[in-house]
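**Student:** Residue numbers (full-length UniProt numbering): 1 to 183.
If you scroll down you'll find the structure; I have some questions about it.
Now the structure itself:
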C-alpha cells in the first residue's frame, strides 16, 4: 500500500485528474490503491464537494444563473468516465427542489421519459433541467441527444412540466440546448 503522496500520484496517473478521481466509484479506487479507507475518504470528499457546489445553486432561480448550474454539473458529473444523466427538478420559481441521477455506460445514459416525469409529478415540479456528461470531452449533442430532448419536452408539456434546458457537460465545456450554443 503506497503512502499518501504515492497514492495521489497513482490515482492521478490512472484517472488523469482530481475530478476524475473523485467521480470514480469507491470499489475501483480501493482496487487501484489497495486501501478501502482511502477510497471511502475520497468518496466522502466527492460528496462534500457536491454539497458545496449544490449550496451555490440552492435558493437561486436556476434558469437565470446558467454559470452556477454548469459549475455544479461539471463538479458532479463532468469528470465522470461514464455518461450520467441528471435531472434537476424545479419549483414554480425555478428553484431546485429535487435532483435525480441515472448512471450510464461509457457512451450512453439510458433512461425512460416516464420515470423522469413520474418523479417530477411526485415532487411537484413545475419545470426541469435535463443534463448529462460526455466523457469524450466533446459537448456537441448527438442525434440521439436531440431526439430525446424533443420527446421529453413534448411529453412533459402534456402534463404541465416545462423542460427549461438540456445541458451537456464535459470537464471544460458545455452545450445548452436552450441557448443553442457551446458555453
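The beta carbon of each residue, even a glycine, is placed where N, CA and C say it ideally should be.
Measure the Cβ-Cβ separation of residue 151 and residue 123 and say whether it is below 8 Å.
**Tutor:** Residue numbering aside, residue 151 sits at position 151 when the chain shown is read from its first letter. Residue numbering aside, residue 123 sits at position 123 when the chain shown is read from its first letter. Their beta carbons are not under 8 Å apart, which means residue 151 does not touch residue 123 by this criterion.
**Student:** Any contact between the stretch 123–134 and the stretch 153–169? By contact I mean 3 or more CB pairs, one from each, below 8 Å.
**Tutor:** yes
**Student:** Please find out if some non-hydrogen atom of the ligand MG comes closer than 7 Å to the beta-carbon of residue 136.
**Tutor:** In the structure on display, the ligand MG does not appear, and there are no ligands present to speak of.
**Student:** Please classify residue 33: does DSSP put it in a helix, a strand, or coil?
**Tutor:** Along the chain shown, read from residue 1 onward, the residue named residue 33 stands at position 33. Residue state, collapsed to three classes: helix.
**Student:** Along the chain, where does the alpha helix (DSSP H) containing residue 157 start, and where does it finish?
**Tutor:** Counting from one through the chain shown, the residue named residue 157 turns up at place 157. Unbroken alpha helix (DSSP H) run through residue 157: 143–158.
**Student:** With distances taken between CB atoms, is the gap from residue 163 to residue 121 smaller than 8 Å?
**Tutor:** Numbered from its first residue, the chain shown carries residue 163 at position 163. Numbered from its first residue, the chain shown carries residue 121 at position 121. No Cβ-Cβ contact shorter than 8 Å links residue 163 with residue 121.
**Student:** Which value, in whole angstroms, describes the spacing of the CA atoms of residue 82 and residue 45?
**Tutor:** Numbered from 1 along the chain shown, position 82 holds the residue referred to as residue 82. Numbered from 1 along the chain shown, position 45 holds the residue referred to as residue 45. About 19 Å.
**Student:** Just tell me which of 165, 141 and 125 has its CA closest to the CA of residue 92.
**Tutor:** The residue given as residue 92 occupies position 92 in the chain shown. When each option's Cα is compared against that of residue 92, the closest is 125.
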